[in-house]
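Enquirer: Heads up: the protein sequence lines correspond to chains V and S, in order. What the first sequence shows, in this note's numbering, is residues 41 to 324, in sequence order. What the second sequence shows, in this note's numbering, is residues 41 to 324, in sequence order. First the structure, which I've put down as structure tokens, then a few questions once you've had a look.
Protein chains: 2
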Amino acid sequence: MLEIYQLEQLLAFAKYGTLSKAAEELHLSQPALSRSMQKLEAELGVTLFERQKNKIILNQNGSLAVEYAERVLNQAKDMMERVQAFDRSQRTISVGSCAPAPLWSTIPLLSTLYPEMTISSDLKNTEVLLQGLKNRIYQFIILHEEINDSDIHCMKYGEEHLFLSLPPAHPLAERNGIYFEDIDGESFLLRSRIGFWNDLCLKKMPASHFLVQDDQFSFEELVKNSALPCFTSDLVIKRDGTPTNRVIVPILDPEANVSYYFICLIETKKKMEVVLHEIGRHML
Amino acid sequence: MLEIYQLEQLLAFAKYGTLSKAAEELHLSQPALSRSMQKLEAELGVTLFERQKNKIILNQNGSLAVEYAERVLNQAKDMMERVQAFDRSQRTISVGSCAPAPLWSTIPLLSTLYPEMTISSDLKNTEVLLQGLKNRIYQFIILHEEINDSDIHCMKYGEEHLFLSLPPAHPLAERNGIYFEDIDGESFLLRSRIGFWNDLCLKKMPASHFLVQDDQFSFEELVKNSALPCFTSDLVIKRDGTPTNRVIVPILDPEANVSYYFICLIETKKKMEVVLHEIGRHML
DNA sequence: CACAATTACGAGGGTCGTAAAAATG
DNA sequence: CATTTTTACGACCCTCGTAATTGTG
Numbered sequence: 041m042l043e044i045y046q047l048e049q050l051l052a053f054a055k056y057g058t059l060s061k062a063a064e065e066l067h068l069s070q071p072a073l074s075r076s077m078q079k080l081e082a083e084l085g086v087t088l089f090e091r092q093k094n095k096i097i098l099n100q101n102g103s104l105a106v107e108y109a110e111r112v113l114n115q116a117k118d119m120m121e122r123v124q125a126f127d128r129s130q131r132t133i134s135v136g137s138c139a140p141a142p143l144w145s146t147i148p149l150l151s152t153l154y155p156e157m158t159i160s161s162d163l164k165n166t167e168v169l170l171q172g173l174k175n176r177i178y179q180f181i182i183l184h185e186e187i188n189d190s191d192i193h194c195m196k197y198g199e200e201h202l203f204l205s206l207p208p209a210h211p212l213a214e215r216n217g218i219y220f221e222d223i224d225g226e227s228f229l230l231r232s233r234i235g236f237w238n239d240l241c242l243k244k245m246p247a248s249h250f251l252v253q254d255d256q257f258s259f260e261e262l263v264k265n266s267a268l269p270c271f272t273s274d275l276v277i278k279r280d281g282t283p284t285n286r287v288i289v290p291i292l293d294p295e296a297n298v299s300y301y302f303i304c305l306i307e308t309k310k311k312m313e314v315v316l317h318e319i320g321r322h323m324l
Numbered sequence: 041m042l043e044i045y046q047l048e049q050l051l052a053f054a055k056y057g058t059l060s061k062a063a064e065e066l067h068l069s070q071p072a073l074s075r076s077m078q079k080l081e082a083e084l085g086v087t088l089f090e091r092q093k094n095k096i097i098l099n100q101n102g103s104l105a106v107e108y109a110e111r112v113l114n115q116a117k118d119m120m121e122r123v124q125a126f127d128r129s130q131r132t133i134s135v136g137s138c139a140p141a142p143l144w145s146t147i148p149l150l151s152t153l154y155p156e157m158t159i160s161s162d163l164k165n166t167e168v169l170l171q172g173l174k175n176r177i178y179q180f181i182i183l184h185e186e187i188n189d190s191d192i193h194c195m196k197y198g199e200e201h202l203f204l205s206l207p208p209a210h211p212l213a214e215r216n217g218i219y220f221e222d223i224d225g226e227s228f229l230l231r232s233r234i235g236f237w238n239d240l241c242l243k244k245m246p247a248s249h250f251l252v253q254d255d256q257f258s259f260e261e262l263v264k265n266s267a268l269p270c271f272t273s274d275l276v277i278k279r280d281g282t283p284t285n286r287v288i289v290p291i292l293d294p295e296a297n298v299s300y301y302f303i304c305l306i307e308t309k310k311k312m313e314v315v316l317h318e319i320g321r322h323m324l
């Protein structure tokens, strides 16, 4: 029977034009490739090459065989990839969230409940997350809005309240509360990968500039050593403690005070019962 | 790399359910199949089976792999078939004809001109033949009507004249000529595989019965030993000689006296020049 | 105890690489 | 003379089969 490795060798020849070059690329000796191609011809019962004494090229059969060999090989590669991807997906729990804070507790919780599983997480917007949930890309998603859909199970998971973080000398540092419009136009330090908060900032403070910082450590250094305002939240403070040398002022806009909802498909609710129970016991 | 033989083995296991049975069907020992499947799993980096001590079944990965393996294998088989079919078609000249008589000279002529080629011939009706010519299924076709088409080269190849073959005692045996309508309703011996003549008989003598005989020898025996009328033609007589103990009467209907045309595609005319020349020199 | 799967081990087939030959430009 | 293909020959890898082990119904 025809074998995959022969098709790979045939394609290499088709690509490189000579047996010598193809053999080199395949990390194989010429003679081995020469014989392998002879054997392929014998197995097909068909000549694939026109041979002159020191020259060999594909004939019409050979060109046709190359076309088909490409298809077979692509299909075989596809098989490997898909089976491996499926296996991975079976060993992975994917959580999608609209913001990072809920993941800080969710991921460790899932790790504890399913120690043998890989936990993967994504920050995406609501539409993408819902689509991903329905396509089984995510087992769970976390949104900052309630979803009423007959296919979807939705439970409140807690709240997050945004604060402005200012150096004590800042003119607004004495305020008890503040609105986005009061600070629109100022420049802010901002972390990247903050989900919907990013969109919210751009929307509510269109005149501001944001100095986006990818790295956690760099961000903290900048906060410490600059007078630039930035944002924090009750959940950040709960995780990291109160920031030193900073005054925090609540942001009063309703959009800055969100509730999170922990969401899964109804059809997986049964299987996820343990998770839902634990999530309920550990509200943010 | 994954190999075809492993996919065949996997499919055999999927089909027969146990390694023992599958190994038997594959003419292979169990241990060999067992190890082969272990190796397949190792190459994919994925488990394909759930193993108990003396039981092994496909897991979800395995079921998915089986699906893909089927596709790969079908594609590989398809590759073999198509390449082989293409090779055959390159070594074969196919002639289509509306009647057998022109083939009696055409086939030997082509065999002589192309001794290394296989000559294959078909009897079909005009539409099928024209379609086959355009689809390159036939390199040549022979019709009993002239074709005027800019893509098609058409040359007259000769004529065939139909005769009624009667035992001397038959009432019509003294006639100098006869029409189909004169004999409609009688029973006739008829050869099979006579192309358009068959349709013509059914059309012109709708009230007759035809005792169709597949075998040449049986047909001749029946002709000799029965008083049933049958048909012959100038080309049959030219080939086989005058029939013994029979009187032949010309059939005067214009449809019973046909001209044949030797036809190929214009685009192949150049390549077929030798054939066309020889056909022209050996008119029927 | 029949049957199924796995492990161990030795045999054999097939592919590989090296070396040599033949041909071309 | 460098490059290419093919043939010859010996080495080695890999798959195979036999035999033995473990486990199940």
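Beta carbons are placed, not taken as given, at the ideal position from N, Cα and C, and that holds for glycine.
(1) First and last residue of the alpha helix (DSSP H) that includes V/E121?
(2) Expressed to the nearest angstrom, what Euclidean distance is found between the alpha-carbon atoms of V/L173 and V/L305?
(3) Give the DSSP-derived three-state secondary structure of S/Y45 in the structure shown.
(4) With a threshold of 9 Å between beta-carbons, can S/T87 be considered close to chain V, or not?
(5) Taking a contact to mean a Cβ-Cβ separation below 9 Å, would you say S/S273 touches S/A116 in this structure?
(6) Could you tell me the alpha carbon to alpha carbon distance between V/I277 and V/H322, rounded to whole angstroms?
(7) Can you find the residues in the same chain that come closer than 8 Å, C-beta to C-beta, to V/D255, ignoring five residues on each side of it along the sequence?
(8) Quick one, are the C-beta atoms of S/I291 and S/F259 less than 9 Å apart?
(9) Measure from the C-beta of S/Y154 to each C-beta in chain V and report whether the shortest distance is under 9 Å.
(10) For the stretch 100-117 of chain V against the stretch 112-126 of chain S, are there 3 or more C-beta pairs whose distance is under 8 Å?
(11) Given a cut-off of 9 Å on the beta-carbon distance, is the pair V/L163 and V/G217 in contact?
(12) Looking at the C-beta of S/Y300, does it have a partner C-beta in chain V at a distance below 9 Å?
(13) Given that S/I44 touches chain V, what residues does it touch there, using C-beta distances under 8 Å?
(14) In the DSSP assignment, the beta strand (DSSP E) including S/E226 goes from what residue to what residue?
(15) DSSP three-state label for V/S34, please.
(16) Who are the neighbours of V/R111 on chain S, taking C-beta pairs under 7 Å?
(17) Give the DSSP-derived three-state secondary structure of V/V86 in the structure shown.
(18) Let me confirm a value: S/S137 is counted as buried when at least 16 other C-beta atoms fall within 10 Å, else exposed. Which label applies?
(19) With DSSP as the reference, identify every bridge partner of V/K95, one or two as the case may be.
(20) When you compare the stretch 241-253 of chain S with the stretch 194-207 of chain S, are there three or more beta-carbon pairs, one atom per stretch, that lie closer than 8 Å?
(21) Give the secondary structure of V/Q179 by DSSP, where H, G and I count as helix, E and B as strand, and everything else as coil.
(22) List the DSSP bridge partners of V/I133.
(23) Is S/H184 buried or exposed, if buried means 16 or more other CB atoms sit within 10 Å of its CB?
(24) Helix, strand or coil, according to DSSP, for S/C241 in the structure here?
(25) Contact between the stretch 122-134 of chain V and the stretch 185-198 of chain V is defined here as three or more beta-carbon pairs at a separation below 8 Å; is this criterion met?
(26) Return the residue from the list V/S266, V/T58, V/N238, V/L262 that minimises the CA-CA distance to V/E295.
(27) At which residues does the beta strand (DSSP E) containing S/K310 begin and terminate?
(28) For V/E90 and V/I97, which I take to be in contact (beta-carbon distance under 8 Å), what is that distance rounded to the nearest angstrom?
(29) Using a beta-carbon distance below 9 Å, is S/M120 in contact with chain V?
(30) Alpha carbons only, please: which of V/V289, V/E43, V/F53 is nearest the one belonging to V/L212?
(31) Please return the same chain residues whose Cβ sits closer than 7 Å to the Cβ of V/I192, not counting the five positions on each side in sequence.
(32) Output the distance between the C-alpha atoms of V/K79 and V/S60, rounded to the nearest integer angstrom.
(33) Report the residues of the stretch 160-186 of chain S with a CB closer than 7 Å to any CB of chain V, ordered along the chain.
(34) Output, in sequence order along the chain, the residues in the stretch 124-139 of chain S whose CB is closer than 7 Å to any CB in chain V.
(35) Pull up the CB-CB distance for S/M195 and S/G281, whole angstroms please, since I reckon it's below 8 Å.
(36) At the level of alpha carbons, what is the spacing between S/R176 and S/A267?
Expert: Looking at the coordinates:
(1) 100-130
(2) 7 Å
(3) helix
(4) yes
(5) no
(6) 17 Å
(7) none
(8) no
(9) no
(10) yes
(11) no
(12) no
(13) M41, L42, E43, I44
(14) Premise fails: S/E226 is in no beta strand (DSSP E) and is neither H nor E.
(15) As shown, chain V starts at 41 and ends at 324. That puts residue 34 of chain V outside it, with no answer to give.
(16) Q115
(17) coil
(18) buried
(19) V/Q92
(20) no
(21) coil
(22) V/I159
(23) buried
(24) helix
(25) no
(26) V/N238
(27) Careful: S/K310 lies outside any beta strand (DSSP E) and carries neither H nor E.
(28) 5 Å
(29) yes
(30) V/V289
(31) I303, L305, I306
(32) 17 Å
(33) none
(34) Q124, F126, D127, Q130
(35) Their Cβ separation, rounded to whole angstroms, is 29 Å, which puts S/M195 and S/G281 out of contact at 8 Å.
(36) 45 Å
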